[in-house]
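Some notes on the structure that comes next.
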């Protein structure tokens, strides 16, 4: 399995924040600050982004594979 970098903050109902194709979990800093007052936020770096694993093969970056993650 792959290793993904993620951050959790707050307590309550979970809200998962997934960045766009060229972003990383830092895109959600302002939203996490606000949401974590009421919710448990979980933000992550998708494969190949931020501090998550970076597979070396081009075929490891299809939209289908991102959806499977």
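Residue numbers (my numbering): 2 to 70.
For each residue, glycine too, the CB sits at the ideal point set by N, CA and C.
Keep in mind it's a predicted model, so treat the numbers as computed, not measured.
When beta bridges are read from the DSSP output, residue 41 appears opposite 15. In the DSSP assignment, residue 33 falls within the alpha helix (DSSP H) that extends over 30-36. Judged by DSSP in its simplified three-state form, residue 62 adopts helix. Closest option to residue 20, judged by alpha-carbon separation, among 69, 61, 62 and 50: 50.
Sequence-distant partners of residue 55 (beyond 5 residues in either direction) whose C-beta falls short of 8 Å from its own C-beta, in its chain, are 48 and 49. The stretch 26-35 makes no contact with the stretch 54-68; the number of CB pairs closer than 8 Å stays below 3.
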